[in-house]
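Chemist: If you count by the UniProt record's numbering, then the sequence shown holds residues 1 to 377, one letter each, in order. One structure follows; several queries about it will come next.
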Amino acid sequence: MEIRSASCKYRGGPEGGLLPPDMREWLPQEHLAWFVLDAVAALSDGCRERLRSSYRLGGSGRQAYDPEMLLALLIYTYANGVRSSRKMERLCATDVAFKVICGLHGPDHTTITRFRADRLGLVEELSGEVLQLCARAGLGRLGEVALDGTKIAANASLQATHGREWFAKQARELLEQAERADAEEDAQFGSARGDELPAGLGRRIERLARLRRGIAEIEAEEATRAEATRQVGERTEELLRGGRLAGRAALRVHRNMDRRAWLEVRLGAIGAQIERAGQRLDGERQAWEQSRAEGRPLTPHTFRIADARKYLRRRLAAFAAVWQELEEHAPACRTAQTLPEAPDGASGQHRQETQTAKVKRNATDPDSRVMPVRHGG
1 MEIRSASCKY
11 RGGPEGGLLP
21 PDMREWLPQE
31 HLAWFVLDAV
41 AALSDGCRER
51 LRSSYRLGGS
61 GRQAYDPEML
71 LALLIYTYAN
81 GVRSSRKMER
91 LCATDVAFKV
101 ICGLHGPDHT
111 TITRFRADRL
121 GLVEELSGEV
131 LQLCARAGLG
141 RLGEVALDGT
151 KIAANASLQA
161 THGREWFAKQ
171 ARELLEQAER
181 ADAEEDAQFG
191 SARGDELPAG
201 LGRRIERLAR
211 LRRGIAEIEA
221 EEATRAEATR
231 QVGERTEELL
241 RGGRLAGRAA
251 LRVHRNMDRR
261 AWLEVRLGAI
271 GAQIERAGQR
281 LDGERQAWEQ
291 SRAEGRPLTP
301 HTFRIADARK
311 YLRRRLAAFA
321 AVWQELEEHA
331 PACRTAQTLP
341 EAPDGASGQH
351 RQETQTAKVK
361 RNATDPDSRV
371 MPVRHGG
């Protein structure tokens, strides 16, 4: 069903627009990000001074990030179930709440990791102070972090009363989880962030050119495959008319159709063979009758009739086997992976993966192609 753009309330993709100039209008007042920022700002002057004094001010290099902002960013991120510094970096570029916390100056994952690792004890202590302050303010949960230790909300409970050590332990567990997540991603991505586009796809003009080239290649290959399928169909009809579908010709036909179509072709070919075998048997019987009437030896005709009967029985058995497979296993035919037993006359045992007319592309390397090998490997 076609949907006209005029009937849509919102359209996807880039469109012109302006955000409010005041970042305080980007989020509602009751948003958790504001609560975390206020909680960090409400820390005692001594705690905030210790955090700031952990930075070496002055000297060369770029200006340092505000340590209170980094602390608030860690607490808010951990409260929302994110432990990875790389995910924090991505969210600072895409999520409005993260943009508000970092003031549109999002740190990279290396800065976040160093901030946490270089002053781990202090961050743990201050994070515990913030968690305790949130609980004192009446917040039972800080995002996904439970602050009261209970599953049922209540005005006051014995389990909801915790000391500073308990909140420090909660903060320590969050930091340990973050360290493990960063260690795993460091081993996987190195210094990269992990979500970078491959080379040649960074600019929009390059992406569009690559996409257009991919579409053109797929269409060309589908056209080539369709022509090959048409030619195979013509060859199949020719083989069926002659009742010959064996050996390499059978394998060439099978490579270009799925299992169900292959069984149907075999059924037709065997049916043609049965018809010819019946005609041969009738001819041998007539020859036997004629020889008997003329008084000629009957032994040669007797052997020929026996051979014709054996061949006809084999073809009837093959027809029944293919028919049974087609009837009983039809739902699974399109996922079958191997060629059935080679028809009579085929040399050797051949196995070939089934193929369809669909053209596929590798998601990580668009220039790669599937290379056929022996035995369908």
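In this text, a Cβ means the ideal position worked out from N, Cα and C, and glycines have one as well. A quick note: this is a predicted structure, and the numbers were derived from the prediction, not measured.
Look up residue 169 in the DSSP assignment and say whether it is helix, strand or coil.
Modeler: Helix.
Chemist: Excluding sequence positions up to five away, which residues of its chain have a Cβ less than 7 Å from the Cβ of residue 270?
Modeler: 315, 318, 319, 322
Chemist: Quick one: which unbroken alpha helix (DSSP H) runs of 4-plus residues sit fully inside the region 61 to 148? Chain order, please.
Modeler: 67 to 79, 85 to 94, 96 to 102, 109 to 118, 120 to 136
Chemist: Where does residue 296 fall in DSSP's three states?
Modeler: coil
Chemist: So, for residue 68: in the same chain, excluding its five sequence neighbours on each side, which residues have a beta-carbon less than 6 Å away from its beta-carbon?
Modeler: 40
Chemist: Span of the alpha helix (DSSP H) holding residue 53?
Modeler: 45 to 53
Chemist: Determine, using beta carbons only, whether residue 107 and residue 70 come nearer to each other than 8 Å.
Modeler: yes
Chemist: Can you name, in chain order, every residue of its own chain whose Cβ lies under 6 Å from the Cβ of residue 417, other than the five neighbours on each side?
Modeler: Since the first residue of the chain shown is 1 and the last is 377, residue 417 is not available in this structure.
Chemist: Check residue 301 in the structure and name its three-state DSSP category.
Modeler: helix
Chemist: Assuming residue 27 and residue 97 form a contact by the criterion Cβ under 8 Å, report the distance between their Cβ atoms to the nearest whole angstrom.
Modeler: 6 Å
Chemist: Might you give, ordered along the chain, the residues of its own chain that have their beta carbon closer than 6 Å to the beta carbon of residue 31, omitting 5 neighbours on each side?
Modeler: none
Chemist: Would you call the region 110 to 125 and the region 165 to 174 in contact, with 3 or more CB pairs under 8 Å?
Modeler: yes
Chemist: Taking Cβ positions, are residue 281 and residue 326 nearer each other than 8 Å?
Modeler: no
Chemist: With distances taken from CA atoms, which of 190, 55, 36 is nearest residue 133?
Modeler: 36
Chemist: At what residues does the alpha helix (DSSP H) containing residue 32 begin and finish?
Modeler: 32 to 41
Chemist: Put residue 279 into one of helix, strand or coil per three-state DSSP.
Modeler: helix
Chemist: Go through its chain and collect everything with a Cβ distance to residue 167's Cβ below 7 Å, but skip five positions before and after it.
Modeler: 128, 131, 132
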